[in-house]
């Protein structure tokens, strides 16, 4: 195990000081008004916001989760993040980012007023959107808190508590505190500028870990450590990964990896992979059609200079994030598959001697790899990069919270005449309060996978229906939207706490999604039809500016009475074709990095060819057809 040398401590300390200093240095750009603080005045170019967004998505906890997925499920794990779904970035780049940015609004909740107006139902829909956004912010902050504590405690030479779990969480508090300071002070400018610095540090770490894995692990050693089918994207009705064979044939000290993988697959219930994939595609499609959740992703799009630049941001995120991130993920997975067995075997023996059960912690693979295989100097850079991965995601999420509290609650309902100085002070206070709340909740959590599952299937599941229908059906009003969202949020919170009284098992959010979808859809439709439609002038203003495709016939007819030249959006077929091409492109970007790391060069070249072909197609069917204003 590599010890933490003085040079490593100096690099990490220098990085932290540089990040905080940069955040304070650019803070003056965020001063003056809320638009500067939350959207950087809509002055940043698309590639800057794209790098920032990619850096924010490069989180530590999510990376830990995906390393464990790759170890257990092999190449098929590239589909499991469809739970988010990761391909929502494709739907954004093709059409939804443009529709969203045309509004010119400050937050997602403010956009709801643009869509539904300002009646009683519209105000209810506005408030429930704010509630969802704030729950989402707290969930993402707590998610990050859980991962960073494990990481920092692994490397620190000082123990803050004898209990390892308490030690992890105390270190989590320290890092959260430092990140909160510069995030709160500088707003969007600080977040974006520090994230760009952090992105390039993470890029160095990705290349370094990939190189180590490439040089230390031979193809023969990897082949002996993985089951048949591990290196294949294709799957049948069953998962068909024969980890039992590896458990029988591997060296005794390496069998713990195979047996732990078998236990994990059984616990997560993904053996019937075709059913799992079907549910993921079904719910993933509708989540993607709903547009971005009201978090840092939406704030980046609203920060763009123009609608077409918003679309380019989402495209650029895929291009710069996926390949380097999966080089690192695959490198860590390969090193763990071949070398972590003896370490886990020793932990298993220690647990048995203490009379305790041993449960392999796949979340801990990331810090184990860094701690054991990074030489001095490079270890410090790796720690700085992983710290930056946390700080980028945390600061981006934290920046979203005050936008909703200050702009969408305080300024809208409590004190509309408040001056900008007072609003800025309240923004600082709100950020600090949410950091404290998230740390408190994160303190109670133990499993990254459990948090991911709840966010992706519970919270996002309740969000989906109302936010799909709002784009594509004119008759959905504020009452229908609010009722559907309220049902979804209540169901998500219930999923978070409910345990079967007999088995103690939690609700399977993915399996429950079709039922939740049907219930929320029924509530949205019925709630809209039994109440008055949204005012036609509000609908005309929304449709004129946004121009979505879908069921907007009565609104188009009313608009054409004022503007005979107004045309409907006829791009549905092209947008769906582009989404299909984009998902293939995105999946190939991800898989190509893994194929390179496991030295399946024929498959790497095939995925590279797929990437090139898809890029050329999208140049003509997407890039060349982007436009700021509707026809």
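In the working numbering, the protein residues as written are 1292 to 1922.
Beta carbons are placed, not taken as given, at the ideal position from N, Cα and C, and that holds for glycine.
All values derive from a computational prediction rather than experimental measurement.
For this session: May I ask you to report which of helix, strand or coil DSSP gives residue 1842?
Result: strand
For this session: Express the C-alpha separation of residue 1580 and residue 1397 in angstroms, rounding to a whole number.
Result: 21 Å
Problem set entry | Alpha-carbon spacing of residue 1714 relative to residue 1697, whole angstroms | 7 Å
Problem set entry | Alpha-carbon to alpha-carbon, residue 1899 and residue 1885 | 12 Å
For this session: Reducing DSSP to helix, strand and coil, say where residue 1764 ends up.
Result: Of the three classes helix, strand and coil, the one that applies to residue 1764 here is strand, per DSSP.
Exercise. Going by Cα to Cα distance, which pick from 1814, 1662, 1772 is closest to residue 1442?
Worked result: 1662
Exercise. With a Cβ-Cβ cutoff of 8 Å, do residue 1548 and residue 1631 count as a contact?
Worked result: yes
Exercise. Are the Cβ atoms of residue 1470 and residue 1685 separated by less than 8 Å?
Worked result: yes
Problem set entry | For residue 1455 and residue 1305, the rounded distance between their alpha carbons | 27 Å
For this session: Take residue 1851 and list the residues in its own chain whose beta-carbon comes closer than 8 Å to its own, dropping the five residues that flank it on each side.
Result: 1857
Exercise. Can the beta-carbon of residue 1681 be found closer than 8 Å to that of residue 1500?
Worked result: no
Exercise. What did DSSP end up calling residue 1526 once you bin it into helix, strand or coil?
Worked result: coil
Exercise. Can you tell me whether residue 1389 is buried or exposed, with buried defined as 16 or more other CB within 10 angstroms of its CB?
Worked result: buried
For this session: Pick out whichever of 1567, 1537, 1565, 1566 has its Cα sitting closest to the Cα of residue 1553.
Result: 1537
For this session: Just mark residue 1671 as buried or exposed, buried being the case when its beta carbon has 16 or more other beta carbons within 10 Å.
Result: buried
For this session: Output yes or no for whether 8 Å exceeds the beta carbon distance between residue 1968 and residue 1905.
Result: The first residue shown for the chain is 1292 and the last is 1922, placing residue 1968 beyond what the model contains.
Exercise. In whole angstroms, what is the alpha-carbon distance linking residue 1762 and residue 1387?
Worked result: 9 Å
Problem set entry | Contact check, residue 1583 vs residue 1391, beta carbons under 8 Å | yes
For this session: Kindly provide the ranges of any alpha helix (DSSP H) runs that are 4 or more residues long and lie completely inside the region 1693-1758, ordered along the chain.
Result: 1711-1735, 1739-1744
Exercise. Run through DSSP, which three-state label would residue 1469 get?
Worked result: helix
For this session: Could you give the DSSP three-state label for residue 1510: helix, strand or coil?
Result: Helix at residue 1510.
For this session: Check the C-beta distance from residue 1490 over to residue 1346 and give it rounded, since I have them as a contact under 8 Å.
Result: 4 Å
Problem set entry | the region 1565-1573 contacting the region 1799-1815, beta-carbon criterion three pairs below 8 Å | yes
Problem set entry | Continuous alpha helix (DSSP H) stretch holding residue 1346: start and end | Run containing residue 1346: 1337-1348, per the alpha helix (DSSP H) assignment.
For this session: Evaluate the contact criterion for the region 1773-1781 versus the region 1814-1826: three or more CB pairs, one atom per stretch, below 8 Å.
Result: Yes: at least three Cβ pairs fall under 8 Å.
Problem set entry | Straight-line gap, residue 1846 to residue 1561 (C-alpha atoms, nearest Å) | 45 Å
For this session: Find out if the Cβ-Cβ distance for the pair residue 1843, residue 1862 is shorter than 8 Å.
Result: no
Exercise. Under 8 Å, do residue 1373 and residue 1575 count as touching if we go by C-beta distance?
Worked result: Contact flag set, yes.
Exercise. Going by the CB atoms, is the gap between residue 1394 and residue 1837 shorter than 8 Å?
Worked result: Contact: yes.
Exercise. Are the Cβ atoms of residue 1709 and residue 1719 separated by less than 8 Å?
Worked result: no
Problem set entry | Straight-line gap, residue 1821 to residue 1772 (C-alpha atoms, nearest Å) | Distance between the alpha carbons of residue 1821 and residue 1772: 13 Å.
Exercise. Distance, Cα to Cα, residue 1909 vs residue 1384?
Worked result: 11 Å
Exercise. Residues in its own chain within less than 6 Å of residue 1551 by CB, not counting five upstream and five downstream?
Worked result: 1651
Exercise. Quick one, are the C-beta atoms of residue 1919 and residue 1597 less than 8 Å apart?
Worked result: Yes; because the gap between Cβ atoms is below 8 Å, this pair is in contact.
Problem set entry | Closest Cα partner of residue 1497 within the set 1644, 1432, 1604, 1349 | Minimum Cα distance to residue 1497 is reached at 1349.
Exercise. Is it buried or exposed for residue 1716, if we count other Cβ within 10 angstroms and need 16 for buried?
Worked result: Looking at its Cβ environment, which holds fewer than 16 other Cβ atoms inside 10 Å, residue 1716 is exposed.
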